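Trainee: So the sequences go chain by chain: W and H. Here this note's numbering is used: the first residue of the first sequence is 1, the next is one more, and so on. Here this note's numbering is used: the first residue of the second sequence is 1001, the next is one more, and so on. Below is one structure. I have some questions about it.
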Amino acid sequence: MSKTICVFLFLIIAASGVAISSEKSEPVTNECGFIAIEPIRFFFHYQDFQTRLELHSSPARIWYNFQASDRTDRNTPIFVFFNGGPGSASSSGLMSMNTGRYTLDRTIDGGGDAFIPNPLPWTQMGHLLYIDARETGFSYNTMVNPADYMERWREFNAQNFNCFFDGADFVRVIIRFLARHPSLADHPVVIVGESYGGIRATTLLYLIHQYADLANGREMYQDPELSREIQIHFDRVFPDYSGRTVPPAVISRQFGHQVLIQACISFGHQIEVADTLLRQPGSLIYRLGEEIGIPYDGQTDPLTWVNNVAGRDYYIISKPAGWLNAFFAKGAFLLSFFEQLTRMTGCDLHALTDMYAVNRRQGYRLLDLEPQAGAADEKPRSAALNPTARALFLDPQLAAASHSAAERGDLSTIFGVLQPWDRYHMSLNSPANQAFHFYNIALLRGYETHYRDHRFGRMFLRNLLHIQTFITNAAFDLVVYSPAIPASLARHTDLVSAVEAIGPFHDGRPSELAIHYIPQAFPETPAAATRIIRFPYYNQSAHAVSLTQPQELWLDVRDWLGKTGINLTTEGGQ
Amino acid sequence: MRTHPQNNRVSPIRGYAHFLFRIGMLMVSFSAAAGQSQHWRISLDSGLLFAPLDDLNRIAGHGHRLQELQFDRFLDYLQSIGKIRSWSGSGDDRPERAGPTWPLTLSIQYRLTRRFSISFTLAHLRAGRSRRLDFQYERVLNESITQRETLTYSPFSLTATAWVPKLAIQWRIPLGPGTNLEPSLAAGPLFAACHWLQNWDYSWDFVYTSQGQVNPYLLYSSSGSLEMKGTGLGLDMSADIRLTREISERVGFFLGIAYGFRRVNGISGSGREVRDGQIREWRGRWGMRQTTFTAPWGSLEEEVPSNDWTDSDSDQPARDFILDFSGFSLQGGLFFRF
């Protein structure tokens, strides 16, 4: 085992060395590809080796798109974008919504018929790295016998899907990407996560900042190989600490900024606080009831009422139901066409070897297959084993409408026809999403790996000590209801004495939050007293703020970065 | 032939054997000089030693409490928050402590005077418990879905052994014809070993019942073993008193009670862990690890023995591990004079 690890580490280092020699003098350009993640052994424990839950992941090929910045200076940040779900693609999310060089047309409901140039791309601020999470977007896993239904069913479980390993995937992709690009290796990295991406941002930054504790038993999640890989990266970036544990205050020189768009943060508390706030007379939902002439009854679940009674989109209450998802669906649809995908990524996709069907015969994406492709006994098994399928079988119309298995577009004419259980692009992979919730062995054995667990709020508050944080405050999003965020953080009374809303206020909403820590909340950081979160208000915004108010978001991020140590007003900036 | 300098060092065992040999030769000389028979007595005895073996037995106690917390209390918690409808558990009670010990002792005694003797004793102590333990837990989610966990230890085994060669002096107090009271004092080194082995199998089945048909689907299974060994050298100091009764001129029996102080620390040895086919091996000193299990439904903080340590400052023993065979024992045996 140790020999295998050594050989693997050697190969990583050797591969990085090759990259150094071949790429050091070359300017960075747009790039698209897959980063392979080998099977990883990791475990959860509660500080006791007898309680270990040892898990062994499947190989993954994680898709990324790098869009080079207009700027050329050494301090140009790298924005790392991802969406949430979990199970949602970043390619049809943030990448398609007014951040990259091309975008969906936001002036047309649903996004138009082609990607169009983005008038204000984030490439004016920095390099962009979009990553599709494991089994979402273009990323796929491989396994020995993907044709076997039961084997596929077992794949959608904790060894591949839990919040910690999900964060670890992103850490691996980011530092392997940086290792392949030595000229970028020490650039500041700004994490940009949307929705569940807030949990992913929290987790990946926590893993990076506390990396030594991933191998010494201190943390519940133990991933010694990741810890070693991070140390190798830091040995290059912080040579003064070579071979030693780099403290969080130093790590934050590179990984010290996060932009969280309508993010799950302390989500267990957030949904409870949001539910209370929305049920209070005079709330947004009562005002909507007055507007449409159907008073809110105060009893029905607010989101259900908005969708089913008011016919509005709970991601943007000012729009009809399904409005936002139409943009995601259009993004996914356009990405399934070679020409559109080429335009969007700015890359020669013919060179994308891992995309070709012939190179991914062991790839898989789906649990349930199309009825004609599945075995005769698959339907009853699906009814038992797939929670979504079980619900869908009760409603055939819903099943027909929601089944995402059909391949669309023309990618198969370029890359070949895939196996029935594989797909080129999936905007939302339902089994991957469900794997975080249902029959997940880590959850079943009692480990706090669900994103509603308060552990993630504590991790966020610990990160906040060293990480500059920007959280959007959208007016019309009820799924992540921004007014609930301050109170949800204040519920961590073992760490926080108060959360103070700071003006200027717009529509009663603050523009900053001051987090006041209790003394000794984190003994290793005794100086922790107060941290400020930028909390800008977007008065017309949906869950996807970059879609609804892209210019305001762009300007706010640039302004905030300038005030928190990344000045973008000079060379190459706008 | 080249000799490595370290090879010239005399080991404690060889040195002690050499010393015993010299004593034996001295006793033979005494016997020859006295010109008398029946100065020698050989005896064999056994009995019951109530040795605590506290540190070693913490493994069993901790295993039991941990399982109770991880299964019983956890399932209670899931039920209390509405995640499951009900649960049930079945299986063996708990990992058991090692002990008591049945020492086996062989002594050869030489009578120096009418009242005073010396002897050489070789005692073997062994306390062990090895059992197969089977547990099964079922969680009921609704009418159609049950989750079944099966955990088997095959075996869960704790063993402590010791060899004690020692020298003793005895007095003989006549109580009547053929009946004597013999108090004695003894001391010697204690060569101890301990061993912990648990082979385990864990599986998790999703059981779906539909139209009377029960369909189990294996979701997760895991198996492995954990084994830790250790050896160490300690000291045995004991006092006993025996009531002897001669059956014939050469044969007799005795009953006795003894107390021994027998502690070993500085134990070290190998360890081996196999988890789903992956093998990890190590060597280390046995010490007590401070373990803290903290979960939303409860916590457990205990010291548990281990010899598996990293170089990290945070991963160091809370204190040394002590293999403690001390305690009172009841003895009985036969002797033969020659």
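Note that CB positions come from ideal geometry on N, CA and C, so glycine has one too. Just so we're clear, the structure is a prediction, and the values are computed from it rather than from any experiment.
Please identify, using Cβ separations under 7 Å, the residues of the stretch 1312–1324 of chain H that lie next to chain W, in order along the chain.
Mentor: Ser1312, Ser1314, Asp1315
Trainee: Would W/Trp305 be called buried (16 or more neighbouring beta carbons within 10 Å of its own) or exposed?
Mentor: W/Trp305 comes out buried.
Trainee: Alpha carbons only, please: which of H/Arg1058, H/Ile1042, H/His1039, H/Glu1068 is nearest the one belonging to W/Thr51?
Mentor: H/Glu1068
Trainee: Nearest chain W C-beta to H/Leu1334 closer than 7 Å, yes or no?
Mentor: no
Trainee: At which residue ranges does the stretch 1120–1176 of chain H contain complete beta strand (DSSP E) runs of 3 or more residues, listed in the order of the chain?
Mentor: 1145–1171, 1173–1176
Trainee: Does the beta-carbon distance from H/Ser1238 to H/Asn1199 come in below 7 Å?
Mentor: no
Trainee: Among residues of its own chain, excluding the 5 on either side of H/Ser1221, which ones have a beta-carbon nearer than 8 Å to its beta-carbon?
Mentor: Asp1201, Tyr1202, Ser1203, Trp1204
Trainee: If we count Cβ pairs, one from each stretch, closer than 8 Å, do we get three or more for the stretch 259–277 of chain W versus the stretch 199–208 of chain W?
Mentor: yes
Trainee: Listing by chain order, which chain H residues have their CB less than 7 Å from the CB of W/Tyr46?
Mentor: Phe1293, Thr1294, Ala1295
Trainee: Out of W/Ala68, W/Thr245, W/Glu291, W/Leu489, which has the shortest C-alpha to C-alpha gap to W/Phe456?
Mentor: W/Leu489
Trainee: Quick one: residues in its chain with C-beta nearer than 6 Å to the C-beta of H/Gly1089, no 5 flanking neighbours on either side, listed in chain order?
Mentor: Tyr1137
Trainee: Counting only beta-carbon separations shorter than 7 Å, does H/Arg1275 have a partner in chain W?
Mentor: yes
Trainee: Is the beta carbon of W/Ile265 within less than 6 Å of some heavy atom of the ligand FMN?
Mentor: The ligand FMN is absent from the structure shown, which contains no ligand whatsoever.
Trainee: Tell me which residues share the same chain as W/Ala212 and place their Cβ nearer than 6 Å to its Cβ, disregarding the 5 neighbours each side in the sequence.
Mentor: The residues are Thr245.
Trainee: Taking the C-alpha atoms as reference points, what is the distance between W/Ile208 and W/Val171?
Mentor: Using only the alpha carbons, I get a separation of about 7 Å.
Trainee: Between the C-alpha atoms of W/Gly503 and W/Ile471, what's the straight-line distance to the nearest angstrom?
Mentor: If you take the alpha carbons of W/Gly503 and W/Ile471, they lie about 15 Å apart.
Trainee: Chain W partners of H/Leu1122, CB-CB under 8 Å?
Mentor: Here the premise fails: no neighbours, minimum Cβ distance about 37 Å.
Trainee: What did DSSP end up calling H/Asp1308 once you bin it into helix, strand or coil?
Mentor: coil
Trainee: Please name the residue or residues paired with W/Ala474 in a DSSP beta bridge.
Mentor: W/Tyr538
Trainee: Please check if any C-beta of chain H sits within less than 7 Å of the C-beta of W/Asn141.
Mentor: no
Trainee: If you check the beta carbons only, do W/Gln282 and W/Glu194 fall under 7 Å apart?
Mentor: Note that residue 282 of chain W corresponds to Gly in the displayed sequence, not to Gln. In this structure, W/Glu194 does not lie closer than 7 Å to W/Gly282 by Cβ.
Trainee: Strictly below 8 Å CB to CB, what residues from chain W border H/Phe1135?
Mentor: Residues of chain W passing the Cβ test: none, with the nearest at roughly 14 Å.
Trainee: Would W/Glu54 count as contacting chain H if we go by Cβ distances under 7 Å?
Mentor: Closer than 7 Å to some Cβ of chain H, the Cβ of W/Glu54 qualifies, so yes.
Trainee: Assign H/Trp1087 to one of three DSSP states: helix, strand, or coil.
Mentor: Strand.
Trainee: Quick test of the definition: if touching needs 3 or more C-beta pairs under 8 Å, does the stretch 509–516 of chain W touch the stretch 344–360 of chain W?
Mentor: no
Trainee: Could you give the first and the last residue of the continuous alpha helix (DSSP H) run that contains W/Ser92?
Mentor: From DSSP, W/Ser92 is part of no alpha helix (DSSP H); its letter is neither H nor E.
Trainee: Which residue from W/Val173, W/Gly93, W/Pro295 puts its Cα closest to that of W/Phe115?
Mentor: Ranking W/Val173, W/Gly93, W/Pro295 by Cα distance to W/Phe115 puts W/Gly93 first.
Trainee: Using only the alpha-carbon positions, how far apart do W/His233 and W/Ile175 sit?
Mentor: 7 Å
Trainee: Beta carbons nearer than 7 Å to chain W: which residues of the stretch 1236–1269 of chain H have them?
Mentor: none
Trainee: So, do the stretch 1048–1055 of chain H and the stretch 1318–1328 of chain H have three or more beta carbon pairs nearer to each other than 8 Å?
Mentor: yes
Trainee: For W/Arg218, return the contacting residues in chain H, with the cut-off set at a CB-CB distance below 7 Å.
Mentor: Ser1314
Trainee: Skipping 5 residues on each side, what residues in its chain have a beta carbon closer than 6 Å to that of W/Asp109?
Mentor: The answer is none, since no qualifying residue turns up.
Trainee: Could you tell me whether the stretch 437–445 of chain W touches the stretch 150–166 of chain W, where touching means 3 or more Cβ pairs closer than 8 Å?
Mentor: yes
Trainee: Listed from N- to C-terminal order along the chain, which residues in the stretch 442–469 of chain W have their beta-carbon within a distance smaller than 9 Å of any beta-carbon of chain H?
Mentor: Leu444, Arg445, Gly446, Tyr447, Glu448, Asp453, His454
Trainee: Which residues of the stretch 153–177 of chain W have a Cβ closer than 9 Å to any Cβ of chain H? Give them in chain order.
Mentor: Trp153, Arg154, Asn157, Ala158, Gln159
Trainee: Measure the beta-carbon distance from H/Glu1303 to H/Thr1244 and round it to whole angstroms, keeping in mind my assumption that it falls under 8 Å.
Mentor: Their Cβ separation, rounded to whole angstroms, is 44 Å, which puts H/Glu1303 and H/Thr1244 out of contact at 8 Å.
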